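Just so you know, the protein sequences line up as chains A and B, in that order. Residue numbers for the first sequence follow the numbering used here, so the first one is 1 and each next one is one higher. Residue numbers for the second sequence follow the numbering used here, so the first one is 1001 and each next one is one higher.
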Amino acid sequence: MGVGIKVEKLNAWYGKSQALYDITMQAQANHATALIGPSGCGKSTFVRCLNRMHETVPEARADGKVMVGDLSVYNGTTAVQIRRRIGMVFQKPNPFPTMSIYDNVAAGLKLNGFSDHRRLDEIVERSLTHAALWDEVKDTARKKSGASLSGGQQQRLCIARALAVEPEVLLMDEPCSALDPISTGKIEELIFQLKEKYTIVIVTHNMQQASRVAEFTGFFLLGRLIEFDKTEKIFTTPSDKRTEDYITGRFG
Amino acid sequence: MASPANNATVIAPKVSLWRRGTDHLATIAAVTAVILVLLPLGAVFGYLLYKGFGSINLAFLTKTPKPPGEVGGGMANAIAGSSLILLLGSLVGVPVGIGAGIYLAEYGRNRLGNLIRFTADVLNGVPSIIVGIVAYGLVVLTQGHFSALAGGVALAIMMIPTITRTTEEMLLLVPNAVREAAYGLGVPRWRTVLSVTLRTATSGVITGVMLAFARVAGETAPLLFTAFGNQFWNWKINQPTAALPLQIFSYAISPYDDWHRQAWAGALILIILIVVSISAVRFVASRGMMKGAN
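In structure tokens form, the structure reads like this:
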């Protein structure tokens, strides 16, 4: 089951330049929350703070209160523990190039010491099925490299890989920006199904996509969260002038 | 308007003579360059075959050298000794080199890293005879006698900088997205480095190791006062040991025609030894690779 996310006064920096200012918001369990905004507004930085990927960048740091379920992300837990509970799908599909499709999905478990092969087979099949990729790869999963798949398939493979470790939250950082409309459609369908089991936070440049998949939407500008509300409200009657300007395409 | 097919046939001859001429010239230049690269290799191998092949027989491959002046005997002990010394050198040099390369690529963006990089580059340029003297001081003087181990240490010191730098380069070629994918799954950093980054760079790292191996396999100078040479069989790592380059050297400067012939045969065997071991490692490594991997 998914869990909710609560963020209070989150600030983030790259070296001396501040990227996020006092972000406060909540993402509801088993719902999709979309984050929109122009390039460089901090939405990617924000999701990377949720699973502490932000700090893997040299000289980057963040502080504030982030609760994922009952787990405090920046207090008393290690980044590794956090990331096992929060899956992430990146902008560009990034399968492990030297691993088979099967090993790509099993990687999260295998590399953390899980070695029950029969359970692993089940989990790999279930994750690939869940990511709507199983039928396309079931005969070649052990023989072919993850890098041999098409872009859209690779991204579904990355989703399967994230699902295999059974996270509670799935972060998606512009998961469709490198994909064609058909692959995008498949992934959006997938997001609908995934909401039943996971809490989803999705960064997107595509406002139609936000309105299609998400119940809640946040608008970021220059490192600040300008407005956060139900998706319908954001796209029909936004309360902030800047949000309205952005969604009607009057700037950026 | 003409159809696209027609267009193509009409346009093709219109490419100017000048452009077609430069195209041909560039192709010819590239092919010539390839031939110039392959020519010395072919010439060396061909000449070795011509001079040495006739002297390779069962005795050469199974017998130890005869006393000076007597015809016959072989280099079996030197072939075995070279294999032993190269094995020792690789056992020391490969892990240290790869380890240092990992440090430089994954953790080495600091002053210590720069120092190691600089040291490796300087070490790469140190003449091999000096590396031999260092191994002599380190191992031979402390042990009190020449040994295969001392030879191995000398070769390891020569292998390390090459392996270190190529490993670093190969790891840096692995896209950061691959590392992030592993971090995102909650894989600890050390595990990511070993099981993801290094694994992704395997074929490049192996190339570096093979390069270093091939380079030191033919080294004579660092073995002169470390492994020293031996007219008899030796399998003990703390005893003086024969090595092919040493044997070739002493036979080649001897006054006996039979020894000259054996020196050519030894040189041919040395080259074959290098080619066979490189091919074997490549073969084993390629079996672990996935189809369609880049």
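For glycine and all other residues, C-beta sits at the position ideal for the given N, C-alpha and C. Computed from a prediction, not measured in an experiment: that's the story for all the values here.
In the DSSP assignment, B:E1168 falls within the unbroken alpha helix (DSSP H) covering A1148 to L1173. Using a CB distance cut-off of 8 Å, B:T1142 does not count as an interface residue toward chain A.
Taking a cut-off of 8 Å on C-beta distances, the stretch 36-52 of chain A touches the stretch 66-75 of chain A, as three or more cross pairs fall below it. Residue nearest to A:S39 within the set A:T24, A:A19, A:K197 and A:Q209 is A:A19 (criterion: CA-CA distance). Cβ-Cβ separation between B:L1149 and B:L1086: approximately 13 Å, too far for a contact (criterion under 8 Å).
Nearest to A:T199 by C-alpha distance, out of A:D70, A:N112 and A:I191, is A:I191.
At least one C-beta of chain A is nearer than 8 Å to the C-beta of B:G1184.
Legend: CB atoms of the stretch 1187-1216 of chain B lying less than 8 Å from CB atoms of chain A belong to residues V1187, P1188, R1191, T1192, S1195, V1196, R1199, T1200 and T1202.
Going by DSSP, A:R242 is part of the alpha helix (DSSP H) stretching over K241 to I247. Taking the Cα of B:G1072 as reference, the smallest distance to any Cα among B:Y1256, B:S1286, B:V1275 and B:V1196 is reached at B:Y1256. Annotated three-state conformation of B:V1178 is helix, per DSSP. Taking one beta carbon from each stretch, the stretch 1196-1211 of chain B and the stretch 1165-1178 of chain B have 3 or more pairs nearer than 8 Å; the two touch. The three-state secondary structure of A:D135, taken from DSSP, is helix.
The C-beta distance from A:V201 to A:T33 rounds to 5 Å, short enough to meet the 8 Å contact threshold.
Considering only A:E232, A:V124, A:V165 and A:K110, the residue with the shortest C-alpha distance to A:E215 is A:E232. Taking a beta-carbon distance threshold of 8 Å, A:N112 counts as an interface residue toward chain B. Of all residues in the stretch 44-62 of chain A, those with a C-beta nearer than 8 Å to a C-beta of chain B are N51, M53, T56 and P58, reading in chain order. In summary, B:F1118 is exposed, with fewer than 16 beta-carbon neighbours lying within 10 Å of its beta-carbon over all protein chains present. One alpha carbon belongs to A:R48, the other to A:K138, and they sit about 32 Å apart. Interface flag for A:N30 against chain B is unset, since no Cβ pair is found closer than 8 Å. Going by DSSP, B:N1077 is part of no beta strand (DSSP E) but of the alpha helix (DSSP H) stretching over A1076 to I1102. Looking at the DSSP output, A:S100 shares a beta bridge with A:S145. When the alpha-carbon of A:H205 is set against those of A:K197, A:F114, A:G37 and A:I23, the nearest one is in A:G37.
Interface annotation, A:K92: in contact with chain B, CB-CB separation under 8 Å. Of the residues B:G1137, B:A1043, B:V1037 and B:G1052, the one whose Cα lies closest to the Cα of B:G1266 is B:G1052. One Cα belongs to A:H117, the other to A:G108, and the distance between them is close to 14 Å. Under the three-state reduction of DSSP, A:S72 is assigned to strand. B:Y1107 counts as exposed, since fewer than 16 other C-beta atoms from the protein chains shown sit within 10 angstroms of its C-beta. C-alpha of B:P1067 to C-alpha of B:F1232: approximately 11 Å in a straight line. Annotation for A:D229: the continuous beta strand (DSSP E) segment containing it runs R224 to K230.
Between B:V1216 and B:G1089 the beta-carbon gap is near 6 Å, inside 8 Å, which marks them as a contact. DSSP places A:S17 outside any alpha helix (DSSP H); the residue lies instead in the beta strand (DSSP E), whose first and last residues are S17 to A27.
Residue-level contact by beta carbon holds for B:V1178 and chain A, with a gap shorter than 8 Å. Listed in chain order, the non-local C-beta contacts of B:S1055 below 8 Å within the same chain comprise R1261, Q1262, W1264 and A1265, local neighbours out to five positions each way being set aside. By the C-beta density criterion, B:V1178 is buried, having at least 16 other C-beta atoms within 10 angstroms. For B:D1257, the enclosing alpha helix (DSSP H) has its first and last residue at D1257 to R1287.
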